[in-house]
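Encoded as structure tokens, the structure appears first; notes follow it.
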Amino acid sequence: MKLMIVTDAWEPQVNGVVRTLKMTRRELQKLGHEVELLSPQGFRSMPCPSYPEIELALTTRRGVARRIDAFAPDCLHIATEGPLGWLARSVARSRGWPFTTAYHSRFPEYVHARTRLPTAWSYALLRRFHNAGLGTLTPTPAIVDDLRARGFRHARWWSRGVDLSLFSADGPRLPRAEHPVFLYVGRIAVEKQVDAFLKLDLPGEKWIAGEGPARARLEARYPGVRWFGVLDGPALATLYRSADVMVFPSVTDTFGLVMAEAMACGTPVAAFPVPGPIDVVGRSGGGGVLHTDLREACLRALQLPRDAVRRHGEQYSWERATQQFLAALRPIDGHRASEEVLSAAERSPNVGARDPA
Numbered sequence: 187m188k189l190m191i192v193t194d195a196w197e198p199q200v201n202g203v204v205r206t207l208k209m210t211r212r213e214l215q216k217l218g219h220e221v222e223l224l225s226p227q228g229f230r231s232m233p234c235p236s237y238p239e240i241e242l243a244l245t246t247r248r249g250v251a252r253r254i255d256a257f258a259p260d261c262l263h264i265a266t267e268g269p270l271g272w273l274a275r276s277v278a279r280s281r282g283w284p285f286t287t288a289y290h291s292r293f294p295e296y297v298h299a300r301t302r303l304p305t306a307w308s309y310a311l312l313r314r315f316h317n318a319g320l321g322t323l324t325p326t327p328a329i330v331d332d333l334r335a336r337g338f339r340h341a342r343w344w345s346r347g348v349d350l351s352l353f354s355a356d357g358p359r360l361p362r363a364e365h366p367v368f369l370y371v372g373r374i375a376v377e378k379q380v381d382a383f384l385k386l387d388l389p390g391e392k393w394i395a396g397e398g399p400a401r402a403r404l405e406a407r408y409p410g411v412r413w414f415g416v417l418d419g420p421a422l423a424t425l426y427r428s429a430d431v432m433v434f435p436s437v438t439d440t441f442g443l444v445m446a447e448a449m450a451c452g453t454p455v456a457a458f459p460v461p462g463p464i465d466v467v468g469r470s471g472g473g474g475v476l477h478t479d480l481r482e483a484c485l486r487a488l489q490l491p492r493d494a495v496r497r498h499g500e501q502y503s504w505e506r507a508t509q510q511f512l513a514a515l516r517p518i519d520g521h522r523a524s525e526e527v528l529s530a531a532e533r534s535p536n537v538g539a540r541d542p543a
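Take the sequence shown: its letter number 166 is residue 352 in my numbering, and every next letter is one higher.
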């Protein structure tokens, strides 16, 4: 099968959306599928006005249509709601093509945190975007339920995985000046509530890995914090292993891939009891502690056995997540070969299984 994935988020960005697409592409290629990424690479681009680290493609519907036609996909998946996503949606609708979309980020909450724009306005725009497709893939059952309640007609579950060849409890660790170490990994922006972590009165050290528009302000306000910048690959795995607790202060994420990666390295998570952490960490406490008092969650997480946390994180499988992704796709022109591939995915015993709770 030839699959085109349209995404406004791609390298050199380092985030959960990009990692999800890279790992999904890897799994699809292992299954013998041909995958083409239509991203801002190859187009003229400009920095996003409120987030210069993100490049926005400058092109037209005709330019996107040419790229799609050159690849001639059997299936079309639109991963983001940015400029490329809207243009690809327009091309597909003008041709009567079926397509799927993905809901990776709680965009309305992000916009509200930055501009105070009512979330109802943003959700209305996203409903229009996603309801034109035949499947809106989102990473947790809780977010599926939330979107359906908001009028998204085709929301369905597409989980996430962990690259266990990279993120494991075995491997090097960094030297530490103090114990314990509380770690945050992710974008440093207002919607991530990083300051909710940094202002906590906690023993030991606080480490931050990531970049974003709020870094300079927070770095000046909290001089005792150790800042690592953007890390990926083995360096990120080493950082996870070196920490005692992974702190996830966001209340607007749909999943939080960094939580699953940290748990696979044996590092427990401290987070608020909201969608995302509820699904990833679980209410049972096997992978971390969820509490409305984030400081209490951090301190309790220190007591969790790392072996149990590791086992919880190891349950997240990219192979299973990719089978879910395949089962949602719809062939553009009804090729029998494509339908057979999708039917095989739907028959997989792993497709309906829920991730650990």
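Beta carbons are placed, not taken as given, at the ideal position from N, Cα and C, and that holds for glycine.
These numbers were taken from a predicted model, which means no experiment stands behind them.
- The way I'd put it, the stretch 407-417 doesn't touch the stretch 310-319; fewer than three beta-carbon pairs between them come closer than 8 Å.
- Cβ-Cβ separation between L443 and R205: approximately 6 Å, consistent with a contact (criterion under 8 Å).
- In this structure, DSSP gives I329 a helical state, which the three-state scheme calls helix.
- For M209, the three-state secondary structure derived from DSSP is helix.
- A457 is the residue among W343, F338, A457, A256 whose C-alpha sits nearest the C-alpha of Q379.
- The beta carbon of R313 sits closer than 8 Å to the beta carbons of R336, G337, F338 from its chain, once the five residues preceding and following it are set aside; these are given in chain order.
- With a 10 Å radius around the Cβ and a threshold of 16 neighbouring Cβ atoms, S280 comes out exposed.
- Contact annotation: R247 and V203 have beta-carbon atoms that are not nearer than 9 Å.
- The closest CA to that of G473, considering only I464, L352, R481, is found on I464.
- In the DSSP secondary-structure assignment, H298 is not bridged to any residue.
- In the displayed model, Y370 falls within a strand according to three-state DSSP.
- Just so you know, the alpha carbons of L333 and A341 end up roughly 7 Å apart.
- If you draw a straight line from the Cα of V411 to the Cα of L262, it is about 44 Å long.
- Around the beta carbon of C451, 16 or more other beta carbons lie within 10 angstroms, which makes this residue buried.
- DSSP, read as helix, strand or coil, puts C234 in strand.
- For D439, the beta-bridge partners assigned by DSSP are S291.
- For V466 against A483, the beta-carbon gap comes to about 14 Å, at or over 8 Å, which does not count as contact.
- Per the DSSP secondary-structure output, V455 pairs in a beta bridge with M432, G474.
- With distances taken between CA atoms, E391 lies nearest to H365 out of L352, M187, A400, H365.
- Cβ neighbours of R401 within its own chain (closer than 7 Å, five residues either side excluded): I374.
- In this chain, the beta strand (DSSP E) harbouring R342 covers 341-343.
- Put simply, of T326, L242, L422 the residue whose alpha carbon is nearest the alpha carbon of E267 is L242.
- For the 9 Å CB-CB criterion, A265 and I191 form a contact.
- Taking C-beta atoms as the reference points, R516 and T287 fail to come closer than 9 Å.
- The DSSP-derived three-state label of K188 is strand.
- The C-alpha of T424 is placed about 15 Å away from the C-alpha of R492.
- Three or more beta-carbon pairs drawn from the stretch 499-512 and the stretch 344-363 are found closer than 8 Å, and the two stretches are therefore classed as touching.
- For the pair V460 and L388, the Cα-to-Cα distance works out to about 22 Å.
- The residue among E213, D439, V433 with its C-alpha nearest the C-alpha of L189 is E213.
- The beta carbon of R275 sits closer than 7 Å to the beta carbons of I264, F315, A318 from its chain, once the five residues preceding and following it are set aside; these are given in chain order.
- Apart from sequence neighbours up to five positions away, no residue of its chain approaches Q227 with a beta-carbon distance below 6 Å.
- Closest in C-alpha terms to P269, from the list A258, M232, V297, comes M232.
- DSSP, reduced to helix, strand and coil, places E397 outside both helices and strands of the structure shown, so it counts as coil.
- Counting along the chain, H498 sits inside the alpha helix (DSSP H) bounded by residues 492-499.
- For a cut-off of 8 Å, the C-beta gap from S428 to R362 is around 7 Å, short enough to register as a contact.
- For E220, the uninterrupted beta strand (DSSP E) segment begins and ends at 220-224.
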